[in-house]
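Report on one structure; see the data block that follows.
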Amino acid sequence: MPDDTYAVASGRGGLHLYFRHPEGVELRNTAGALGWLIDTRAHGGYVVAAGSIVAGRAYTVRQDAPTAGLPGWLGGRLRPAPLRPEGPPVVIELPADRRGAYVRAAIAGTLTKLAEAGEGGRNHALFMAAQTLGQLVAGGAVDEDTVITVLVDGASRLGLSSREIERTILSGLRAGARRPRQVA
Numbered sequence: 002m003p004d005d006t007y008a009v010a011s012g013r014g015g016l017h018l019y020f021r022h023p024e025g026v027e028l029r030n031t032a033g034a035l036g037w038l039i040d041t042r043a044h045g046g047y048v049v050a051a052g053s054i055v056a057g058r059a060y061t062v063r064q065d066a067p068t069a070g071l072p073g074w075l076g077g078r079l080r081p082a083p084l085r086p087e088g089p090p091v092v093i094e095l096p097a098d099r100r101g102a103y104v105r106a107a108i109a110g111t112l113t114k115l116a117e118a119g120e121g122g123r124n125h126a127l128f129m130a131a132q133t134l135g136q137l138v139a140g141g142a143v144d145e146d147t148v149i150t151v152l153v154d155g156a157s158r159l160g161l162s163s164r165e166i167e168r169t170i171l172s173g174l175r176a177g178a179r180r181p182r183q184v185a
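Mapped onto the numbering used here, the consecutive letters of the sequence shown carry residue numbers 2 to 185.
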């Protein structure tokens, strides 16, 4: 444990290390992105403070030191991925029949919702998009590679990391596969 910053022991045995947020730098909240059971809170995030009691367990000051500056290596890992510039949309090949039109509309609507997701809701929006389109994959209406291609393209424009994009899409596709949706 770093001995130069304020630290709080959680009621369940976890440890919260506090660091000053650098001015003018956008940092993101994470859950498991830095390692197993390692979460971070930055803009828009919160932690339970020392002195709080949750489920009968107290949060206590473990180290009463001044809050240290955020280490540079950690700040680098918490910066959001840069937004990808607008480019030409991904072109997908689908049949020109009614089924193809339905799938095109479903993909377009799903990508619109994804693009409109606000900060703090982008990962969830990507999961929901992958789940929705995963139902169509499971129902045989569209192939998985097409869905992955359009979702990766849409999500990378939002500033999500490639690791987060990959994990979230695969998780959403698995969830969607449990409820196949067929297109007549």
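Don't be surprised by glycine CBs; every beta carbon is placed ideally from N, CA and C. Remember, it's a predicted structure, so these values are computed and weren't measured experimentally.
Contacts around residue i, its chain only, beta-carbon distance under 8 Å, and the 5 residues preceding and following it disregarded
| i | result |
| --- | --- |
| A188 | A query on residue 188 cannot be resolved here, the shown segment of the chain reaching from 2 to 185 and no further. |
| D40 | N30, T31, A32 and G33 |
| A51 | V9, Y60, T61 and V62 |
| Q64 | M2, D4, T6, Y7 and A8 |
Residue range of the beta strand (DSSP E) that includes residue i
| i | result |
| --- | --- |
| L18 | L16 to L18 |
| R158 | Element bounds for R158: n/a, residue is neither H nor E. |
| T61 | T61 to Q64 |
| A10 | A8 to A10 |
Own chain, CB closer than 6 Å to residue i, minus 5 neighbours either side, in chain order
| i | result |
| --- | --- |
| Q132 | G173, A176 and G177 |
| V138 | E145 and V148 |
| R180 | Q136 |
| E143 | For the sequence presented, residue 143 should be read as Val rather than Glu. If we look at V143 and ignore the five residues flanking it on each side, its Cβ neighbours are V104 and L137. |
| Y7 | Y19, A66 and T68 |
| R58 | G12 |
Same chain only: Cβ atoms within 7 Å of residue i, ignoring 5 sequence neighbours per side
| i | result |
| --- | --- |
| T111 | A130, T133 and L134 |
| A43 | H22, L28, R29, N30 and L79 |
| D5 | A66 and A69 |
Residue range of the alpha helix (DSSP H) that includes residue i
| i | result |
| --- | --- |
| G135 | R123 to A139 |
| S163 | S163 to A178 |
| Y47 | Segment: none, Y47 is in no alpha helix (DSSP H) and carries neither H nor E. |
| I108 | R99 to A116 |
Residues bridged to residue i (per DSSP)
| i | result |
| --- | --- |
| R78 | In the DSSP output, where bridge partners are listed per residue, R78 has none listed. |
| A32 | D40 |
| V55 | R58 |
Top-ranked residue by Cα proximity to residue i, from the options
| i | options | result |
| --- | --- | --- |
| T68 | L18, L35 and G122 | L18 |
| Y47 | W37, G140, V143 and G121 | G121 |
| G140 | Y60, V104, R182 and G45 | R182 |
| V26 | V184, D98, G77 and I108 | G77 |
| H125 | R99, T169, A106 and G57 | T169 |
| F20 | L75, L35, G14 and T113 | L75 |
| G12 | G45, I54, W37 and L38 | I54 |
| G45 | G119, L16, L127 and F128 | G119 |
| F128 | A102, A109, L171 and I108 | L171 |
| L38 | G14, G57, E24 and R123 | G14 |
| E24 | G57, R164, A56 and L71 | L71 |
Assumed close pair residue i, residue j - CB separation to whole angstroms, cut-off 8 Å
| i | j | result |
| --- | --- | --- |
| I166 | V153 | 6 Å |
| V49 | R100 | About 51 Å; that fails the 8 Å criterion. |
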